[in-house]
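Residue numbers (the working numbering), protein chains in the order written: chain A, 32 to 349; chain B, 67 to 369. We put the beta carbon where it would ideally sit given N, CA and C, even for glycine. From a predicted model like this one, the values you see are computed outputs, not experimental measurements.
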Amino acid sequence: MTVVDARAPLQVSALAGAWQRLRSNRNWLGFWFMVPAAGFLILFLAYPLGLGLWLSLTDARIGRGGSFVGLENYQWLSDDSVFWLSVFNTLLYTFVASVIKFAVGLYLALLLNRHMPFKALIRAAVLIPFIVPTVLSAIAFWWIYDAQFSIISWSLRKLHLISENINFLGDGNWARASVIFANIWRGVPFVAITLLAGLQTVSPSLYEAATLDGATAWQRFRYVTYPLLTPIIAVVMTFSVLFTFTDFQLIWAMTRGGPVNATHLMATLSYQRAILSGRLGEGAAIATAMIPFLVAAIGISWFGLQQRKWQQGGPNND
Amino acid sequence: MTDAVAGHVAQGAQQGADSSEGMSYLESLPSRLVTLYLPLFIILVVLLFPFYWMALTAIKPDAQLIDMETYNPFWVVHPTLKHIERLLFETQYPRWLWNTMYVAAGATFLSIAASVLAAYAIVRLQFRGAPYVGAAIFFAYLVPPSILFIPMATVIQSYGLFDSPLALILVYPTLLIPFSTWLLMGYFKTIPFELEECALIDGASRWQILTRIVLPLAVPGLISAFIFSFTLCWNEFIYALTLLQSTQNKTVPVAIVNEFVDGDIYRWGALMAGALVGSLPLVILYAFFVEHYVSAMTGAVKE
């Protein structure tokens, strides 16, 4: 910097000197490097986010801008039983699916961490549900859950466990269970593979030491694996909760919120109200109402799991 | 600290395999059978069954699809390519496939270019406020499309891009940039900055450093970011559903859900063929780049 400053007036004109200074200025350079990314994120992320908040306070409809109506949309929603049902569904969906995803994912990660033949191949196969576009696998589940030709019903009938086909997507509670299962099916690979990456960084000598001290398999898991894995569990589960809470495509491809709104999540309800019925303001209010829940859910999974890390006060976190 | 871990993810696989052999001699075969192979087998069957079912339905003649008594539904006799043929020659499926690919490639390219610049600036230029910008990008990652699609529809409308694939190419980077930037930041941090100092002394500009030194060294990271972003675009549904209207402009996921569902009981063959053909390109791509894909997924989480 100082070298450039001293030399500039001697060699080149004042204008070029300024240019020289700017070119070597970190802040200025950093600004230009950030322009493309910031441009996208401001135009298509920050601006729509703010606009969404504003829309939720108006009575906008598709094709005409609305006028400011204050909190009317929210008041209307607070008396709307379908909205509260969707809140309940979303919470149930997120809670049940996340807990099971975590349990099965962790179990699968522990299995995959053991020594076995064809390990790389098995690990690659496990991830396939995560690769295939969600909508397309949801369509496959839709067919598996078909009222008339469901392969599950057929198998259970042949085993004489049931006498009539289960109406998987036609009955409220069955439909809830079915979409939750499909969500778990899709989410487990993500949880398992990321936790596996965490497990692989745990030094095997810790297990050998624990075994020499007479620790059982459960104790090895509880006092060696789990504490070392806590930070990564927190991150993985935060993302898992986030994606489950805001899920849209799985439900839309399988049930579109039916039967009788039993599987409507907040995201699907806001789509139905805003885009299909054209009431943008109301839809935006539902979408905005997701934000506090979302922040709370992220907070619980993030801080809840992080807390244990510092409570232990172990120096073992990298 | 954490980026060291992220950098070692790829190697971790081999290390884990070697070292876990250490104590496995303590287990007998029957116990391994019950505690390892059996549960693993069950989970794998559940995870892969829908694909088997998808593929099987796609090549099953219609008569066998609805007659579950004469034929065992778990297998197929006289497989047919009729569904796939109809899909490719009688519907606009090739067009949808092309749209999907075009949108995914365009959005991925734009996002990676923007992310490389942003990640380099945050990690290495260390301009004033760089840590805050990094944090802001992380928060952008946490904003889900489900709460943005309604205002996005009005924004796109006002820019005059409604029902155009260009809209998706411009919107998808909001999903991809935060992720790719975060991932590339991790990779750039592992490149020793002494290399850059040498180049600076030799008179290289920042741009030359980026293109000649940093990028060649970050190729694995670029591939990871590319694969992951491409998959994410291919997968995206809610924006494509909201922002596209005419049948010919749709992407595969939206077209499958909207154009094939007509209440016909014979639709299943065509639907499953559509789902299968729509998934195959990604599965093939993934098969070649498993390690990169995994390191993208775990790298982004670990940062």
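A:T89 is bridged by DSSP to A:F99. When the five nearest sequence neighbours on each side are left out, no beta carbon in the same chain lies closer than 7 Å to the beta carbon of B:P347. For B:P127, not one C-beta of chain A is nearer than 8 Å to its own C-beta.
Considering only beta carbons, the part of the segment 229-254 of chain B lying closer than 7 Å to chain A consists of L236, V237, P239, T240, I243 and T247, in chain order. Identification of residues in the segment 66-88 of chain A having a C-beta nearer than 7 Å to some C-beta of chain B yields P67, A68, F71, L72, F75, L76, Y78, P79, L80, L82, G83 and L86, given in sequence order. At least one C-beta of chain A is nearer than 8 Å to the C-beta of B:V221. The DSSP-derived three-state label of B:D128 is helix. At a Cβ-Cβ threshold of 8 Å, A:P220 and A:F274 do not count as neighbours. Against chain A, the CB of B:V189 has no partner CB under 8 Å away; the residue lies outside that interface. The beta-carbon distance between B:C299 and B:T174, rounded to whole angstroms, is 6 Å. This is short enough to meet the 8 Å contact definition. A direct Cα-to-Cα measurement between B:A202 and A:N196 gives close to 51 Å. Within chain B, the residues placing a beta-carbon under 8 Å from that of A:T277 are P210, P211, S212 and I213, ordered along the chain.
Below the 7 Å Cβ cutoff, chain A contributes A155 as neighbours of B:V356, in chain order. With respect to the 8 Å criterion, B:S97 and B:S181 are not classified as neighbours on the basis of their beta carbons. Contact check for B:K126 and B:G335: beta-carbon distance about 6 Å, within the 8 Å limit, so the pair qualifies.
Considering only beta carbons, the part of the segment 297-309 of chain B lying closer than 8 Å to chain A consists of T297, W300, N301, F303, I304, L307 and T308, in chain order. Taken in chain order, the whole alpha helix (DSSP H) runs of length 4 or more contained in the segment 227-280 of chain B are 231-237, 239-255 and 259-267. When Cβ-Cβ separations below 8 Å define contact, A:F252 makes no contact with chain B.
Within the segment 217-258 of chain A, complete alpha helix (DSSP H) segments of at least 4 residues are found at 235-243 and 248-251, given in chain order.
Between B:S224 and B:T166, the alpha-carbon positions lie close to 24 Å from each other. Listed along the chain, the chain A residues whose CB falls inside 9 Å of the CB of B:F117 are I159, P160, V163, S168 and A171. Put simply, the backbone Cα of B:R194 is about 9 Å away from that of A:G61.
Only L276 from the segment 274-293 of chain B bring a Cβ to less than 9 Å from some Cβ of chain A. Between the alpha carbons of B:G226 and B:I178 lies a gap of roughly 25 Å.
Taking a Cβ-Cβ threshold of 9 Å, the residues of chain A close to B:W334 are W174, D177 and F180, in chain order. Assigned with DSSP and collapsed to three states, B:A284 falls in coil, not helix or strand. When the five nearest sequence neighbours on each side are left out, the beta carbons in the same chain lying within less than 6 Å of the beta carbon of A:W173 are those of M285, in order along the chain. With fewer than three CB-CB distances shorter than 8 Å, the segment 61-81 of chain A does not count as touching the segment 285-296 of chain A. Contact with chain A is found for B:T123, since one of that chain's Cβ atoms lies less than 8 Å from the residue's Cβ. Identification of chain A residues near B:R194 by a Cβ-Cβ cut-off of 9 Å yields R57, N58 and G61, ordered along the chain.
Taking B:F303 as the centre and dropping the five residues before and after it, the same chain places the C-beta of P319 and V320 closer than 7 Å to its C-beta, in chain order. Under the Cβ criterion (8 Å, minimum of three pairs), the segment 100-110 of chain B counts as touching the segment 131-144 of chain A. Listed along chain A, the residues sitting closer than 7 Å to B:V199 by beta-carbon distance are M65. Within a 10 Å sphere around the beta-carbon of B:P197 sit fewer than 16 other beta-carbons, which makes this residue exposed. With contacts defined by Cβ atoms closer than 8 Å, A:W107 and A:E313 form a contacting pair. Residue contact check for B:P145 against chain A: no CB pair falls below 8 Å.
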